[in-house]
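Comments concern the structure below.
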Amino acid sequence: CWIFCMVDRYSVDTAVFRDSDPTYQRSIVSRPELGRFPIVMSDVEWYEFVELTLADWLEQVEGASQEANPLFRWETGEAWAYRRTAYRSMAQLLKSREPSRLAAAEDMLKQVYAIEPLETRKLVQNRTPPMSSEAERAFEALRSAGERDIPTSWRPV
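At position 12 of the sequence shown (counting the first as 1) the number is 12 in the UniProt record's numbering, and the numbers step up by one without a gap.
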């Protein structure tokens with residue numbers, strides 16, 4: 001449970017995207033404002049964490065889209081954009097990892113996202129916005145230290 005609250009979701013998404021690369025050493029870290037310390041997980045814990053992450057979002061996304069959320073920089077309806085490509089990759093990863101039990105993950109994702117309004121289907125928000133002033137300062141520090149993949153705008157595009 002503590003991992004879910006402390007993890008830098010961008011590090012999770014990177015690990016999901018690169019899971020099939022045998023040369024990639026999984027590197028999950030805490031959120032920048034917490035120090036980016038390593039979060040070590042066994043393979044079993046990792047895949048269970050991915051399953052929990054996907055299931056949690058599939059339960060929340062429709063409700064989250066019903067109103068604006070200033071913390072996440074969403075207007076009404078834009079929650080669908082949040083980590084869209086990562087969630088799709090999580091479903092594919094789970095299906096390929098354990099098809100007898102988790103093939104349904106991809107079908108569930110498709111069913112949930114099938115009700116998304118057409119006007120938001122093109123939007124993507126790949127990074128979780130800073131959730132506090134401390135997080136904002138941590139991202140600013142990382143950006144000034146040369147990290148180029150930190151957005152200057154956190155809105156879905």
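In this text, a Cβ means the ideal position worked out from N, Cα and C, and glycines have one as well.
request  = Report yes if the C-beta distance between Glu75 and Ala68 is below 8 angstroms; otherwise report no.
outcome  = Yes, Cβ-Cβ distance for Glu75 and Ala68 is below 8 angstroms.
ask   = How big is the Cα-Cα spacing for Ile39 and Ala104?
value = Their backbone Cα atoms lie some 28 angstroms apart in a straight line.
query = Going straight from the alpha carbon of Asn126 to that of Ser30, what length do you get?
reply = Linking Asn126 to Ser30 through their CA atoms gives a straight-line distance of about 17 angstroms.
message = According to DSSP, simplified to helix, strand and coil, what is Leu40?
response = Sequence check: residue 40 is Val here, not Leu. In this structure, Val40 counts as coil in the three-state DSSP scheme.
task = Could you tell me whether the Cβ atoms of Val124 and Val157 are closer together than 8 angstroms?
result = In contact: Val124 and Val157 (Cβ atoms closer than 8 angstroms).
inquiry  = To the nearest angstrom, how far is the alpha carbon of Ser65 from that of Asp56?
reply    = Approximately 14 angstroms, taken between the alpha carbons.
inquiry  = Just verifying my parser: in three-state terms, what is the DSSP assignment at residue 183?
reply    = The question about residue 183 has no answer here: the residues shown for the chain are numbered 1 through 157.
query = Hey, how far is the Cα of Pro99 from the Cα of Phe139?
reply = Whole-angstrom Cα-Cα distance: 38 angstroms.
query = If you compare alpha carbons, which of Ser11, Trp2, Gly77 and Met6 is closest to Ile150?
reply = Checking every option, the nearest Cα to that of Ile150 belongs to Ser11.
Among Lys122, Ile3 and Pro130, nearest to Leu52 - alpha-carbon criterion = Answer by Cα proximity: Ile3.
query = Does the Cβ of Glu78 have 16 or more other Cβ atoms within 10 Å, making it buried, or fewer, making it exposed?
reply = Answer is buried; the Cβ neighbour count reaches 16.
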